[in-house]
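Per full-length UniProt numbering, the sequence shown starts with residue 1, numbered consecutively. All residues carry an ideal CB built from backbone N, CA and C; glycine is no exception.
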Amino acid sequence: MDQSMLGFNNSGFFPQSLLSNRSARSCCSKTQALQQARIPGRAFIVSQQEGAVFGVPFHDSSASLRPGAVHAMKGLYCKPSGNSEDVKFVLQETNLPGALGNYQVKVQVKACALSPLDTKLLQDLQIQREELPVGRDISGIVLQVGSKVTFFQPDDEVVGILPLDAEASGLCDVLLIHEHHLVQKPEKVSWVEAAGSIRDGVRAYTALHTLARMATGHTLLVLDGASPFGVLVLQLAHSHGVKVLASALSPEDQLFLEQLRPNIGVRESVVARVINEHDPKVDLVESCLEETGGLGVDIVLDAGVRLYDEEPAARRLLPHKHDIITLLGVGGHWITAEDSLQLDPPDSRSLFLKGASLSFLNEEVWGVSRARQGRYLHIMRDVVEKLSSGTLRPLLEAVPMYEATVSMEMVQQRRVRKRLVIQH
C-alpha cells in the first residue's frame with residue numbers, strides 16, 4: 001500500500017482514501033476498539049468486502065492479509081522461574097501460521113481474561129517452553145473455519161478456553177482454535193463478560209455439580225465468597241435453591257456480599273449469612289453450626305486451607321483443615337483447592353465417621369480427557385446462557401491492551417480482587 005494513501009493519528013494509520021465515502025466512515029467506527037490499544041506503527045486496514053478490520057504491523061500490512069500468509073502480531077508471554085509468583089511477563093511479536101486445520105476455527109479476538117499462570121501444573125504435565133503464552137479465556141468473531149468444522153461458520157460470535165498446551169497467547173489479534181474448545185456467545189453477553197466469566201463459570205459447575213452433587217435444600221459454605229470465582233458460585237448455588245453461607249476477608253467484602261442480590265426472581269439476599277473472618281471475635285465453626293442447628297453444612301468450598309498452626313501472613317486468614325472437617329455435616333462434601341493438602345489419621349477418621357467425601361477442584365481435567373468433551377461443551381454453553389439470562393453476574397474489570405503486562409503481574413501476585421479482562 002502506498003504510504004501517501006495513509007493518514008496518521010495518535011492511535012495509528014488508516015487509509016484516507018476510504019474516509020471519503022459513506023461505507024468507509026461506517027467501517028472506521030469499527031476501528032475504535034483497535035485504536036484504543038494505542039499501539040504505534042500499526043496499519044488499520046478496512047476490508048470493504050467483508051467489513052473486517054485488521055490491526056497489523058505497518059511494514060507487513062499487505063502481506064498479512066493474503067490467504068495462507070503468516071500474520072505477525074503481539075502476544076503476552078512469560079519467562080518461567082522456580083516460583084509461580086516470581087515470573088516476568090513481556091509483550092512481544094509472534095506469528096500465527098496461515099494454514100488452517102480441518103477442525104480449526106480462525107477467531108478474531110475481542111477480549112481475553114487474565115488468570116494466574118500455574119507453572120507447577122505445566123511442569124507436571126511436561127509442558128515446558130522458554131516462553132509460555134499467557135491468556136487462555138477468549139471471546140471473538142469467527143473469521144474462517146476448517147473444512148470439517150460443523151459447529152461454527154464465519155461471523156459467529158464465540159467464547160472459549162484455549163488448551164493448556166496452546167502455543168499462542170490469547171492476547172493475539174487472531175487465533176487458530178479447535179472447534180471443541182469454543183461455544184456460541186449469546187448476543188446479550190458482551191465480549192468482556194464472556195471472556196471474564198467462562199473459566200470461573202466452568203470451575204463453579206465442576207465444583208457444585210460434578211464433585212459436590214448439589215441439590216435443592218443443601219447448605220453450602222463458600223470461603224472467600226467475594227472473589228470472582230466465589231461470586232459466581234454463590235449465584236449459581238442460590239439459583240438452584242441452595243442455602244448459601246459465605247466468608248468475608250475484609251469489611252469491604254462483607255458489605256459487598258450483604259448487598260448481593262439476584263438479577264431475576266425474588267430480590268432476596270443471595271447469601272443467607274456472611275461470616276466475617278477478618279474479625280477475630282467471629283468463629284467460623286460456631287457460626288456454621290449455629291446456622292445449621294448443629295448439623296453442619298452439606299458442602300464446603302474452600303479457597304485454600306491452613307495446614308499448620310504457624311503459616312505465612314498471607315495464609316493466616318485461611319481456615320484450618322481441622323475447622324473445615326468439624327463444620328462438615330454427615331454425608332457432606334469438602335471441595336478443596338489446596339493441591340498440597342495433607343490429612344493425618346485422626347482427620348481421615350473424622351471424615352470416615354461422618355461418611356463425608358473430599359474432592360480436589362481442578363477444572364483443567366476437562367481438557368485432558370476427550371471422553372468428557374461433550375459434557376465440557378455443555379457446561380460452557382450453560383454458563384453463557386446463564387450470563388445472558390442475568391442469573392450469573394461476574395465480578396470483573398476491563399483493561400486496555402497497553403496495561404496488559406502490569407495487569408498480569410498483579411494477577412500473578414494475586415493483588416487484584418476482580419477478574420481483569422484485556423479489551424482488543
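Check	Outcome
Exposed unless 16 or more other CB atoms sit within 10 angstroms - verdict on D224	buried
Cutoff 7 Å; reference A404; Cβ partners in own chain excluding five residues on either side	L76, L91, L171 and I422
Distance, L221 Cα to A207 Cα	12 Å
Buried versus exposed, by CB contacts within 10 Å (16 or more), Q413	exposed
Span of the alpha helix (DSSP H), counted from its first residue to its last, around H240	Premise fails: H240 is in no alpha helix (DSSP H) and is neither H nor E.
For K160, the first and last residue of its enclosing beta strand (DSSP E)	The sequence shown places Gly at residue 160, not Lys. Taken as a continuous stretch (DSSP letters only), the beta strand (DSSP E) holding G160 covers E157 to I161.
CA nearest to the CA of V192, picked from M410, S388, E409 and N362	S388
Cβ-Cβ distance between G140 and Q184 below 8 Å	no
Beta-carbon gap between V305 and L341 smaller than 8 Å	yes
Reference A248; option with closest CA among H238, N263, H278 and S239	H278
DSSP state of P400 mapped onto helix, strand, coil	strand
Beta strand (DSSP E) runs contained entirely in the region 206 to 240, provided each spans 3 or more residues	219 to 222
Alpha-carbon spacing of E157 relative to V145, whole angstroms	13 Å
Unbroken beta strand (DSSP E) run spanning D279, endpoints	Taken as a continuous stretch (DSSP letters only), D279 belongs to no beta strand (DSSP E), as it is neither H nor E.
Segment contact flag, the region 249 to 261 with the region 283 to 300, C-beta cutoff 8 Å, min 3 pairs	no
Three-pair Cβ contact test at 8 Å for the region 392 to 401 versus the region 266 to 277	no
Continuous beta strand (DSSP E) assignments of at least 3 residues falling wholly in the region 287 to 346	297 to 301 and 328 to 336
Terminal residues of the beta strand (DSSP E) in which residue 429 lies	Any property of residue 429 remains undetermined from this structure, which presents the chain solely from 1 to 424.
Coarse secondary structure for E93, derived from DSSP in three states	strand
Terminal residues of the beta strand (DSSP E) in which G140 lies	D137 to V145
Local conformation of K74 per DSSP, three classes	strand
Beta carbon of D347 nearer than 8 Å to that of K321	yes
Closest Cα partner of T326 within the set D302, E286, F360 and I335	E286
Option nearest R419 by Cα separation, candidates V406, I138, M408 and L395	L395
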